[in-house]
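Novice:
In full-length UniProt numbering, the protein residues as written are 1 to 483.
Right, here's the structure in full:
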């Protein structure tokens, strides 16, 4: 038994336990204090928090948090097929047609110090798909490699609103009649330009419209997040420059203020409509953060401003983002190239959509199944011929049945697709071509009917006794599969 020390009766073991407890408490307190201090310094210096994965979470909806700690490559990165805007073997026909019909000028907010660290990587990736791209800075590009406009403004976060006004004044003066839509982006925003054109293809640039990720505070109809980027129609741009900016009581005239919020106020005062950019499932197309922060639940704290700022209830997880997403913000230079690769180059073999000339598909299918598709021009991207793998069956007595891919074919969809392609090329189908196509369609239907009958006979045969199988299998095999 431990002997008591002194009158208090405290044992040596008790004294040791007390000392260890004090030491542990002091250590934990120090660690927590140090961690909070570090986080506070990160927030105060950059306007947010840098995550381990390379993402950036701002502490303000109007933050243009610096991401300079994530340096990209010194030179831009280009793929060998840099002139291709789609996966190998797929058609650009619809995207190219939309590029002619939906003319988009993109201007990118940047600065002299960001031309090499950010702007050149934007130019090497998504910006090349705009009909025209301009980088808005306060000084020209010393290397003369980028289409930089030197605006008469000072740099710095406090001058972003002044810079935005000058940028839109410039495109209004030089490009108003040459383009339908005017997209403002940051140099850490990634945009899928084809998806933007697809969204805008049903909109009228002669109407006062503006689109983006809609936030709700301070402006009755809402305003568009600056980081996620926003789009002005030609009429919206005209009203902004020719009406709003001439009325300082409705559109702020000095350099101060949050750029995106002030733009929202000006748009509302000019009667420009803040549009809904969600898809038919309610998923957003414009995103104020990188994909990870939207796709992975609970990365963004529930106490964060983001949840209360969204005009529509924000979703997280797979329901966050449209399959035709347009923008993501806080994308560092390295991630620009990762997204470029994943969107435009990576393709899982043997899955998804076959976008080849129908004549090529018909030739391939005829060798394996006898099923022939109508020969026509290349199919647009939204009218696909899909291939579904079918399990390999075996005939009795070791006779192998040929593996194949069944073609799911929609005559009406194919006819519309062919018409769109002819329209894009300026041609019209002749009566002879239509008649020939109908003959091929009828022949295909007959072949499909024979194939179904042949399969039915095989299935029936497999259920019969072995002695019956042997004789009938030989007959069926000698007869052969319809072609």
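Built from N, CA and C at the ideal position, the CB exists for glycine as well.
Would the beta-carbon of residue 119 fall within 8 Å of that of residue 78?
Specialist: Residue 119 sits at position 119 when you count from the first residue of the chain shown. Residue 78 sits at position 78 when you count from the first residue of the chain shown. In this structure, residue 78 does not lie closer than 8 Å to residue 119 by Cβ.
Novice: Would you grab the beta carbon distance between residue 164 and residue 184 for me? Rounded to a whole angstrom, and I think it's under 8 Å.
Specialist: The residue labelled residue 164 in the question sits at position 164 within the chain shown. The residue labelled residue 184 in the question sits at position 184 within the chain shown. Indeed, because the Cβ distance is near 7 Å, the residues count as touching under 8 Å.
Novice: Counting along the chain, where does the beta strand (DSSP E) carrying residue 212 start and finish?
Specialist: Here residue 212 refers to the residue found at position 212 of the chain shown. Per DSSP, residue 212 belongs to the beta strand (DSSP E) from 209 to 212.
Novice: Should residue 437 go down as buried or exposed, given a rule of 16 or more other Cβ atoms within 10 Å for buried?
Specialist: Numbered from its first residue, the chain shown carries residue 437 at position 437. Under this definition residue 437 is a buried residue.
Novice: Can you tell me whether residue 93 is buried or exposed, with buried defined as 16 or more other CB within 10 angstroms of its CB?
Specialist: For the purposes of this step, residue 93 is taken as residue 93 along the chain shown, with counting starting at 1. With 16 or more Cβ atoms within 10 Å of its Cβ, residue 93 is classed as buried.
Novice: Using a 10 Å radius around the Cβ and a threshold of 16 neighbouring Cβ atoms, would you call residue 137 buried or exposed?
Specialist: Residue 137 sits at position 137 when you count from the first residue of the chain shown. It is buried - the Cβ of residue 137 has at least 16 other Cβ atoms within 10 Å.
Novice: How is residue 179 classed by DSSP in three states: helix, strand or coil?
Specialist: Here residue 179 refers to the residue found at position 179 of the chain shown. Of the three classes helix, strand and coil, the one that applies to residue 179 here is coil, per DSSP.
Novice: Leaving out five residues before and five after residue 52 in sequence, what residues of the same chain have Cβ atoms less than 8 Å from its Cβ?
Specialist: Residue mapping note: residue 52 aligns to position 52 of the chain shown, counting from 1. Residue placement at residue 52 is poorly supported in this model, since its pLDDT is 38, which falls under 50; the coordinates are not used for a value here.
Novice: What residues are listed by DSSP as bridge partners for residue 305?
Specialist: Residue numbering aside, residue 305 sits at position 305 when the chain shown is read from its first letter. Its beta-bridge partners do not exist; DSSP assigns none.
Novice: Taking the C-alpha atoms as reference points, what is the distance between residue 307 and residue 301?
Specialist: What you label residue 307 is simply residue 307 of the chain shown in a count that begins at 1. What you label residue 301 is simply residue 301 of the chain shown in a count that begins at 1. Answer to the nearest angstrom: the Cα atoms are 9 Å apart.
Novice: Give the straight-line distance between the Cα atoms of residue 21 and residue 12, rounded to the nearest whole angstrom.
Specialist: Sequence index remark: in the chain shown, residue 21 carries index 21 (1-based). Sequence index remark: in the chain shown, residue 12 carries index 12 (1-based). Whole-angstrom Cα-Cα distance: 14 Å.
Novice: Suppose you measure from the CA of residue 208 to the CA of residue 156; what does that come to, to the nearest Å?
Specialist: On the chain shown, residue 208 is found 208 positions in, with the first residue counted as 1. On the chain shown, residue 156 is found 156 positions in, with the first residue counted as 1. Taking the straight line from one Cα to the other gives about 30 Å.
Novice: Pick helix, strand or coil for residue 138, following the three-state DSSP scheme.
Specialist: Here the question's residue 138 lines up with position 138 in the chain shown. Here residue 138 sits in coil by DSSP.
Novice: If I'm right that residue 190 touches residue 211 with Cβ under 8 Å, what's the distance once you round it to whole angstroms?
Specialist: The residue labelled residue 190 in the question sits at position 190 within the chain shown. The residue labelled residue 211 in the question sits at position 211 within the chain shown. That belief does not hold up - the Cβ atoms of residue 190 and residue 211 are roughly 17 Å apart, past 8 Å.
Novice: My output table needs one value for residue 228: the three-state DSSP class, helix, strand or coil.
Specialist: Counting from one through the chain shown, the residue named residue 228 turns up at place 228. The answer is coil: DSSP assigns residue 228 none of H, G, I, E or B.
Novice: Quick one: Cα of residue 239 to Cα of residue 106, how far?
Specialist: Mapped onto the chain shown, residue 239 falls at position 239. Mapped onto the chain shown, residue 106 falls at position 106. Going from the Cα of residue 239 to the Cα of residue 106 covers about 19 Å.
Novice: By Cβ distance below 7 Å, which residues in the same chain neighbour residue 319 in space, the five residues on each side in sequence not counted?
Specialist: Sequence index remark: in the chain shown, residue 319 carries index 319 (1-based). Contacts found: 283.
Novice: Is it buried or exposed for residue 456, if we count other Cβ within 10 angstroms and need 16 for buried?
Specialist: As a working note, residue 456 is residue 456 in the chain shown. Classification for residue 456: exposed.
Novice: I'd like to know if the segment 126 to 134 and the segment 216 to 230 are in contact, where contact means that at least 3 CB-CB pairs between them fall below 8 Å.
Specialist: No: the two stretches stay apart, fewer than three of their Cβ pairs being nearer than 8 Å.
Novice: Starting from residue 150, trace the beta strand (DSSP E) both ways and give me its first and last residue.
Specialist: Translated into the one-based positions of the chain shown, residue 150 becomes position 150. Its beta strand (DSSP E) spans residues 148 to 150.
Novice: Entirely within the segment 253 to 335 and at least 4 residues each: give me those alpha helix (DSSP H) ranges in chain order.
Specialist: The qualifying runs are 259 to 269, 291 to 295 and 306 to 309.
Novice: Rounded to the nearest angstrom, what separates residue 216 and residue 237 at their Cα positions?
Specialist: Here residue 216 corresponds to residue number 216 of the chain shown, with the count starting at 1. Here residue 237 corresponds to residue number 237 of the chain shown, with the count starting at 1. Going by the C-alpha atoms only, they are around 22 Å apart.
Novice: Could you work out which residue in 149, 180 and 286 is closest to residue 167 when comparing CA atoms only?
Specialist: On the chain shown, position 167 is the one that residue 167 refers to. Taking only the C-alpha atoms, the option nearest residue 167 is 149.
Novice: Say whether the segment 265 to 273 touches the segment 193 to 204, bearing in mind that this needs 3 or more beta-carbon pairs closer than 8 Å, one atom from each stretch.
Specialist: No contact exists between the segment 265 to 273 and the segment 193 to 204.
Novice: Do residue 332 and residue 188 count as a contact pair if the criterion is CB distance below 8 Å?
Specialist: As a first step, residue 188 is located in the chain shown; it is residue number 188 there, counting from the start. As a first step, residue 332 is located in the chain shown; it is residue number 332 there, counting from the start. Closer than 8 Å, so yes.
Novice: Look up residue 126 in the DSSP assignment and give the residues it is bridged to.
Specialist: Counting from one through the chain shown, the residue named residue 126 turns up at place 126. Answer is none; residue 126 lacks a bridge partner.
Novice: Compare the C-alpha of residue 109 against each of 122, 299 and 98 and name the closest.
Specialist: Here the question's residue 109 lines up with position 109 in the chain shown. The option with the nearest alpha carbon to residue 109 is 122.
Novice: What three-state label does DSSP hand residue 484 in the structure shown?
Specialist: This structure leaves residue 484 out entirely; the chain is present only between 1 and 483.
Novice: Who does residue 186 pair with in a DSSP beta bridge?
Specialist: Translated into the one-based positions of the chain shown, residue 186 becomes position 186. Per DSSP, 109.
Novice: Label residue 24 either buried or exposed according to how many other C-beta atoms from any shown protein chain fall within 10 Å of its C-beta, with 16 as the threshold for buried.
Specialist: Reading the chain shown from its first residue, position 24 is the one you call residue 24. Exposed: under 16 other Cβ atoms inside 10 Å.
Novice: What first and last residue would you give for the alpha helix (DSSP H) that runs through residue 235?
Specialist: Start at 1 with the first residue of the chain shown, and residue 235 comes out as number 235. Looking at the DSSP string, the run of the alpha helix (DSSP H) that includes residue 235 is 234 to 242.
Novice: Here's the rule I'm using: 16 or more other beta-carbon atoms within 10 Å means buried, otherwise exposed. How should residue 18 be labelled?
Specialist: Residue mapping note: residue 18 aligns to position 18 of the chain shown, counting from 1. Per the 10 Å Cβ criterion, exposed.
Novice: Between the segment 279 to 293 and the segment 313 to 330, do at least 3 Cβ pairs fall closer than 8 Å?
Specialist: A contact exists between the segment 279 to 293 and the segment 313 to 330.
Novice: Is residue 337 helix, strand or coil when you go by DSSP?
Specialist: Here residue 337 is taken as the residue at index 337 of the chain shown, counted from 1. Note: residue 337 maps to helix in three-state DSSP.
Novice: Alpha carbon to alpha carbon, how far is residue 145 from residue 266? Give it in angstroms, no decimals.
Specialist: Working through the chain shown from its first residue, we reach residue 266 at position 266. Working through the chain shown from its first residue, we reach residue 145 at position 145. C-alpha separation (whole angstroms): 34 Å.
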